[in-house]
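To keep things clear, I will list the structure first and then write my remarks on it.
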Amino acid sequence: MKAKHQRLTLAALAVAAVGGSSALALSALKDQAAFFYAPGDVKRDALPLGRAVRLGGMVAGGSLHRMADGVTMQFVVTDGVARVPVAFRGIAPDLFKENSGVVAEGKFNPDGSFTASNLLAKHDEKYMPPEMAGKMHETKTLVQ
Amino acid sequence: MDSRRNLAYPCHVPSLHALANPARFLAIARPLTPVLFWAGVALLLFGCWAGLTQTPPDYLQKESVRILYIHVPTAWLGMGGWSGIAVSSLVFLVWRHPLAMIAARAIALPGATFAAICLATGSIWGRPTWGTWWQWDGRLTSMLLLFFVYLGFIALVRAEDERAGFGGGGRIAALYGVAGSVLLPIIRYSVVWWNTLHQGQSIGLTKSTIDPAILWPLWFTLSGFTLFFAGIVLMRMRTILARSKAEARLRRRAHHVEVTA
C-alpha cells in the first residue's frame, strides 16, 4: 500500500510538472505561434516590414475590386479594429469573397498597405444547408 | 528478475493476480470482439451512406463538407486513443495492473492510424476550401506532432521488448504515454489560443454550430468508428496476451532444458 501511494504521488507530481512546464512554454509562445497578423496587431505594434508574413481577417464588404486583366484585385482586410488595403495578383480560392475570412501571404509596404502573393480562404465553424444561410448566417469576425 | 520466467504473463505482480486477470479479461473480450467490430462496421456504413446521400450540402463549401463524417471521428479517435494510452500508462505505473500496459500497446497502432487518416482527410478537405493542402498553423501542426508522438511510443515499446523480452518492460513507454498527454489540450485549444487557418470548435458539450440537418450522420459514423476502434483494440490485446503467453512458455522450456542438461 505504501509503495502504491508513493507511486501515485510521484505520478501526480510528474503530471503537474509536465503540464506546468508546457503551460509556461505555450504562454511564452503565444504571439510567435499565431498563424497570421490581424490588422489590429499591425496597428498596435510596428509594421513587420521586409519579411514574408501572413495577414488575416475579413474581406470588408464592398471593398473587392477586380481589375480589367482578370487576375489583379484589390480589397480591404479588417478585424473590426483596423483596416489594411491589400493588392493581389493571381488565382484566389473558390471560397474567397466579400464578408468572408481570408489569410493573405505576402509583404507589408512602408505605407501600411499589403501586397499578397497567395490567398487562403478561411471559413468559420458554422455549417448549414444553402436555404438557411441567407436568413441567419452572418459572419462577424474570424479573428480571436 | 528470474521469477518472471515462471509467470505465464510477465509482470511484476503476484502470479495469482497476473493469471487471474487476463483470464477473466479474455472470457469477456472473446465474445465482445466480434460484436463491437461488426456493430461498428454497420453503424459506419449507414453513417457514410446517410452522409453521402441524405444530407444537404453546406451553403459555402458545397459537397466537400461531407468529408467531415470521416474527418471528425478520426480526429476524435486519434486524440481519444492517446487519452486511452495515457490513462492505461498511469494505471500501469501506479497500480502495476498487468492488462494496462497491454491495453496501451494495443491502442498505439490504431490510434496512430486514425491520426494519420485525420491528417490525410484534413489535407484533402483543405485543398478545395482553404486553397492549400497544408499550412503550419496551430491545429494542423499540433495534430501532426501527436502522430509523431504515437510513432515514438510504438518505437519505445519495441525497444523495451528487445531489452526485456516481449511484454517484459513498459516502464519507459508508460512514462512517455503520460507525458505525451500534454498535447491533447494543446490540440483542443489551439484554435482558441492562436490565430489559425483552421476554424474554431464546431461541436461542444451543449451546442453545435453545425446545422442538425447536416450533423446527424456524424453521430452514426462517430459511434461506428468508436466501436470499430474498440473491436480492433480488443483483437490486438488478445494477440499480445497470446504472444506473451507463447514466449513465456518458450522461455520456460529453454530454462527446463538448461536445468536438465
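So the sequence lines, in the order shown, correspond to chains R and G. Take 12 as the starting number for the first sequence in the numbering used here and just add one per residue. Take 5 as the starting number for the second sequence in the numbering used here and just add one per residue. Virtual Cβ for every residue (Gly too), placed ideally from N, Cα, C. Keep in mind it's a predicted model, so treat the numbers as computed, not measured.
Proximity below 8 Å, CB of residue i to CB of residue j
| i | j | result |
| --- | --- | --- |
| T78 of chain G | G142 of chain G | no |
| S227 of chain G | W86 of chain G | no |
| V182 of chain G | A25 of chain R | yes |
| L174 of chain G | M105 of chain G | One point to set straight first is that residue 174 of chain G is Gly, not Leu, in the sequence displayed. It is a contact, given that the beta carbons lie within the stated cut-off. |
| G267 of chain G | A107 of chain G | As displayed, chain G neither begins before 5 nor continues past 265, which places residue 267 of chain G out of reach and without an answer. |
| T125 of chain G | H202 of chain G | no |
| K15 of chain R | W99 of chain G | yes |
| W138 of chain G | S127 of chain G | yes |
| S124 of chain R | A98 of chain R | yes |
| V70 of chain R | V113 of chain R | yes |
| T225 of chain G | G51 of chain G | yes |
| L81 of chain G | F229 of chain G | yes |
| W134 of chain G | A44 of chain R | no |
| F151 of chain G | L123 of chain G | yes |
| V94 of chain G | A28 of chain R | In the sequence as displayed, the identity of residue 94 of chain G is Leu instead of Val. In this structure, A28 of chain R does not lie closer than 8 Å to L94 of chain G by Cβ. |
| R198 of chain R | P50 of chain R | Within the shown structure, residues of chain R are numbered from 12 to 155, placing residue 198 of chain R beyond reach of any answer. |
| F232 of chain G | L48 of chain G | yes |
| G193 of chain G | F157 of chain G | Correcting the residue identity first, residue 193 of chain G is Tyr in this sequence and not Gly. No, Cβ-Cβ distance for Y193 of chain G and F157 of chain G is not below 8 Å. |
Spatial distance of residue i from residue j (CA atoms)
| i | j | result |
| --- | --- | --- |
| M241 of chain G | I111 of chain G | 9 Å |
| F96 of chain G | A178 of chain G | 7 Å |
| L131 of chain R | D52 of chain R | 19 Å |
| D6 of chain G | L155 of chain G | Because D6 of chain G sits at a pLDDT of 45, beneath the cut-off of 50, its placement in the model cannot be relied upon, and the following sentence gives the value as read from the coordinates. One C-alpha to the other measures close to 31 Å. |
| E116 of chain R | S128 of chain R | 6 Å |
| N120 of chain R | M78 of chain R | 20 Å |
| I32 of chain G | N25 of chain G | 11 Å |
| V196 of chain G | G30 of chain R | 18 Å |
| H260 of chain G | E251 of chain G | 14 Å |
| R100 of chain R | H76 of chain R | 12 Å |
| T57 of chain G | K66 of chain G | 13 Å |
| E166 of chain G | P114 of chain G | 22 Å |
| Y13 of chain G | R28 of chain G | Because the pLDDT of Y13 of chain G is 48, which lies under 50, any placement of that residue in the model is unreliable, and the number read from its coordinates should be weighed accordingly. If you take the alpha carbons of Y13 of chain G and R28 of chain G, they lie about 13 Å apart. |
| G235 of chain G | T37 of chain G | 5 Å |
| V45 of chain G | P96 of chain R | 52 Å |
| L11 of chain G | L219 of chain G | Only weak support exists for where L11 of chain G lies, its pLDDT of 46 falling under 50; the value from the coordinates is given anyway. In a straight line, the C-alpha of L11 of chain G is about 51 Å away from that of L219 of chain G. |
| R8 of chain G | L160 of chain G | Only weak support exists for where R8 of chain G lies, its pLDDT of 45 falling under 50; the value from the coordinates is given anyway. Rounded to the nearest angstrom, the two C-alpha atoms are 21 Å apart. |
| K13 of chain R | A163 of chain G | 31 Å |
| A168 of chain G | I176 of chain G | 12 Å |
| P18 of chain G | W129 of chain G | Because the pLDDT at P18 of chain G is just 47, under 50, the model does not fix this residue reliably, and the point stays unresolved. |
| R256 of chain G | T20 of chain R | 36 Å |
| D56 of chain R | P141 of chain R | 40 Å |
| L209 of chain G | V153 of chain G | 27 Å |
| F35 of chain R | K249 of chain G | The sequence given here places Leu at residue 35 of chain R; Phe does not occur at that position. Roughly 45 Å separates the two Cα atoms. |
| G264 of chain G | P102 of chain G | Per the sequence shown, residue 264 of chain G should be read as Thr rather than Gly. Going from the Cα of T264 of chain G to the Cα of P102 of chain G covers about 31 Å. |
| K54 of chain R | P189 of chain G | 31 Å |
| L58 of chain R | K118 of chain R | 10 Å |
| A258 of chain G | R247 of chain G | 16 Å |
Selected residue, minimal CA-CA separation from residue i, among the options
| i | options | result |
| --- | --- | --- |
| L66 of chain R | R:F46, R:A14, R:A57, R:A28 | R:F46 |
| W223 of chain G | G:P38, G:W53, G:F41, G:V39 | G:W53 |
| T126 of chain R | R:F86, R:K137, R:E142 | R:F86 |
| L40 of chain G | G:T264, G:I207, G:V237 | G:V237 |
| L149 of chain G | G:A159, G:T57, G:P132, G:A120 | G:A120 |
| E136 of chain R | G:R131, G:I207, G:R256 | G:I207 |
| L254 of chain G | G:L94, G:R109, G:F170 | G:F170 |
| R62 of chain R | R:Y48, R:S111, R:L75, R:G73 | R:Y48 |
| P221 of chain G | G:G55, G:F151, G:E262, G:L245 | G:G55 |
| A90 of chain G | G:A163, G:R109, G:P132, G:P102 | G:R109 |
| M139 of chain R | G:L72, G:Y180, G:S93, G:T264 | G:L72 |
| G68 of chain R | R:D80, R:L35, R:K108 | R:K108 |
| D5 of chain R | R:L60, R:H134, R:L35, R:L21 | There is no way to answer for residue 5 of chain R, as the model of chain R reaches only from 12 to 155. |
| R131 of chain G | R:K118, R:L106, R:L35, R:T83 | R:L106 |
| S33 of chain R | G:A258, G:L219, G:T210, G:I191 | G:I191 |
| R34 of chain G | G:I176, G:L245, G:E262 | G:L245 |
| N110 of chain R | R:L35, R:D56, R:L58, R:G73 | R:G73 |
| H134 of chain R | G:F118, G:H101, G:Q205, G:A258 | G:Q205 |
| F118 of chain G | G:W129, G:G84, G:S92, G:T136 | G:G84 |
| W42 of chain G | G:V153, G:K249, G:P189, G:M239 | G:M239 |
Chain C within 8 Å of residue i, Cβ atoms only
| i | result |
| --- | --- |
| V114 of chain R | In the displayed structure, chain C is absent; the protein chains listed are R and G. |
Checklist entry - Three or more C-beta pairs closer than 8 Å, one from the stretch 90-104 of chain R and one from the stretch 35-45 of chain R: is that the case here? => result Not touching, per the Cβ criterion.
Item to check | Within the stretch 133-181 of chain G, ranges of the alpha helix (DSSP H) (whole runs, at least 4 residues) | outcome: Listed in chain order, the complete alpha helix (DSSP H) runs (minimum 4 residues) inside the stretch 133-181 of chain G are 142-168.
Item to check | Three CB pairs or more closer than 8 Å across the stretch 59-67 of chain G and the stretch 206-221 of chain G | outcome: In short, these stretches touch, since the Cβ pair count reaches three.
Checklist entry - What are the start and end residues of each continuous alpha helix (DSSP H) run of 4 or more residues lying completely inside the stretch 68-143 of chain G, in chain order? => result Listed in chain order, the alpha helix (DSSP H) elements of length 4 or more contained wholly in the stretch 68-143 of chain G are 72-99, 102-133.
Checklist entry - Where in the stretch 59-103 of chain R do unbroken runs of the beta strand (DSSP E), each at least 3 residues long, occur, reported from the N-terminal end onward? => result Complete beta strand (DSSP E) runs here, min 3: 64-70, 83-89, 94-100.
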